[in-house]
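Residues in the sequence shown are numbered from 1 upward in steps of one, following full-length UniProt numbering. These notes concern the structure reproduced below.
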Amino acid sequence: MNELELKLLAILRIIAMFVSFLIINAILFVVCLLRPMHRNNVHICGKFYSSMSRILGLKIVVKGMENVPDEPCVFIANHQNSYDLMTICKAVAPGTVSVGKKSLVLIPVFGWLYWLSGNVLIDRKNASRAADTLSSTIAKIKKRGISVWFFPEGTRSYGRGLLPFKTGAFRIANAVDMPIVRVCASNLIDKIKLNRWDNGTLIIHVSEPMKMDDSKGIKEWSVLFREKMLEDFEQVNSEVAQLPKAR
Numbered sequence: 001m002n003e004l005e006l007k008l009l010a011i012l013r014i015i016a017m018f019v020s021f022l023i024i025n026a027i028l029f030v031v032c033l034l035r036p037m038h039r040n041n042v043h044i045c046g047k048f049y050s051s052m053s054r055i056l057g058l059k060i061v062v063k064g065m066e067n068v069p070d071e072p073c074v075f076i077a078n079h080q081n082s083y084d085l086m087t088i089c090k091a092v093a094p095g096t097v098s099v100g101k102k103s104l105v106l107i108p109v110f111g112w113l114y115w116l117s118g119n120v121l122i123d124r125k126n127a128s129r130a131a132d133t134l135s136s137t138i139a140k141i142k143k144r145g146i147s148v149w150f151f152p153e154g155t156r157s158y159g160r161g162l163l164p165f166k167t168g169a170f171r172i173a174n175a176v177d178m179p180i181v182r183v184c185a186s187n188l189i190d191k192i193k194l195n196r197w198d199n200g201t202l203i204i205h206v207s208e209p210m211k212m213d214d215s216k217g218i219k220e221w222s223v224l225f226r227e228k229m230l231e232d233f234e235q236v237n238s239e240v241a242q243l244p245k246a247r
């Protein structure tokens with residue numbers, strides 16, 4: 001493709017992404033209005049959003065979904081950039097919600113959809129109420145019998161490697177006695193170029209569940225799970241490196 005064709009491809013992709021995002025949000029808004037807070041709403045949202053990866057010329061391969069236990073669990077996933085909305089969300093299992101900050105509700109349409117889909121909202125700014133927030137989150141999880149999805153880094157890494165893990169996910173898993181399942185996507189930084197037809201393959205690996213015990217403190221467990229996630233990251237990147245290069 002010549003330079004003009006490459007620019008045109010990028011422009012068409014941006015337009016297609018914008019239109020698709022509007023249509024998908026409209027559909028999901030209706031679905032969530034008809035069945036607000038349903039336990040499978042977030043799973044359906046993940047499927048719809050991840051379908052947009054085709055517009056980006058990106059193939060997503062999810063491995064290990066058979067490892068997801070029948071019982072509720074805590075999923076921890078790496079958080080790389082804004083494309084995560086269209087990539088790693090493909091691995092969200094039925095009966096799973098995420099935990100997000102209350103301020104998300106202030107975002108028109110998307111924030112409302114985030115709330116209607118059944119995600120758990122917490123006040124991250126009020127540190128003095130951290131214990132109450134944790135107790136409230138645990139109560140909601142127990143009442144609804146749901147799994148919970150966390151990005152334990154707390155923010156997007158943007159190529160800085162796997163950031164240190166915050167302890168919230170592990171405190172909840174320990175309090176509710178739920179196993180932890182790691183969800184690790186291969187490198188997404190500089191992976192997608194809007195003017196490239198084929199952006200290759202992204203591999204997402206879902207680990208076997210692992211329960212915490214009293215042999216370590218919460219902080220120690222968070223460090224251990226981060227180390228295991230680093231191993232997962234190296235593995236999926238190795239698998240991608242063996243695939244045909246994007247062109």
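Note that beta-carbon positions come from the ideal geometry of N, C-alpha and C, so glycine has one too. None of these values were measured; they are calculated from a predicted model.
| Query | Result |
| --- | --- |
| Would you grab the beta carbon distance between Phe170 and Trp221 for me? Rounded to a whole angstrom, and I think it's under 8 Å. | 5 Å |
| The beta strand (DSSP E) spanning Trp149 covers which residue range? | 147-150 |
| Sort Val240, Val181, Leu188, Asn2 by Cα distance to Gln80 and report the nearest one. | Leu188 |
| Pick out the complete beta strand (DSSP E) segments inside the stretch 181-246, 3 residues or longer, and give them in chain order. | 201-206 |
| Check this for me: beta carbons of Leu163 and Phe29, under 8 Å apart or not? | no |
| Report all residues from its chain with a CB closer than 7 Å to the CB of Asn199; omit the five preceding and five following residues, and keep chain order. | Leu56, Gly57, Leu58, Lys191, Ile192, Lys193, Ala246 |
| Have a look at the DSSP bridge pairing and note the partners of Ile122. | Lys101 |
| Kindly indicate the opening and closing residues of the alpha helix (DSSP H) around Ile14. | 3-34 |
| Quick check: the stretch 85-100 against the stretch 37-44, are there 3 or more CB pairs under 8 Å? | yes |
| So, is the C-beta of Lys47 closer than 8 Å to a C-beta in chain B? | Of the protein chains in this structure there is only one, and it is not chain B. |
| Can you give me the start and stop residues for the beta strand (DSSP E) that Val62 sits inside? | 59-63 |
| In the structure shown, what three-state DSSP assignment does Thr96 receive? | strand |
| Please confirm if the stretch 178-186 is in contact with the stretch 200-218, defined as three or more CB-CB distances below 8 Å between the two stretches. | yes |
| I need the boundaries of the alpha helix (DSSP H) containing Ala91, first residue and last residue. | Per DSSP, Ala91 belongs to no alpha helix (DSSP H) and is neither H nor E. |
| Just to confirm, are Met178 and Val74 a CB contact at a threshold of 8 Å? | yes |
| Would a C-beta distance cut-off of 8 Å place Val68 and Val99 closer than the cut-off? | no |
| Among all the DSSP beta bridges, which residues are the ones paired with Val74? | Val148, Ile180 |
| Reducing DSSP to helix, strand and coil, say where His137 ends up. | Correcting the residue identity first, residue 137 is Thr in this sequence and not His. It is helical. |
| Just tell me which of Gly118, Gly46, Leu106 has its CA closest to the CA of Met86. | Gly46 |
| Who are the near neighbours of Trp197 in its chain, counting only those whose CB is closer than 6 Å to its CB and skipping five residues on each side? | Gly57 |
| Which same chain residues end up closer than 7 Å to residue 270 when comparing Cβ atoms and leaving out the 5 residues on each side of it in sequence? | As shown, the chain starts at 1 and ends at 247. That puts residue 270 outside it, with no answer to give. |
| What's the call for Leu116, buried or exposed, on a 16-neighbour Cβ count within 10 Å? | buried |
| Which residues in the same chain have their Cβ closer than 7 Å to the Cβ of Leu230, if we skip the five residues on either side of it in sequence? | Leu162 |
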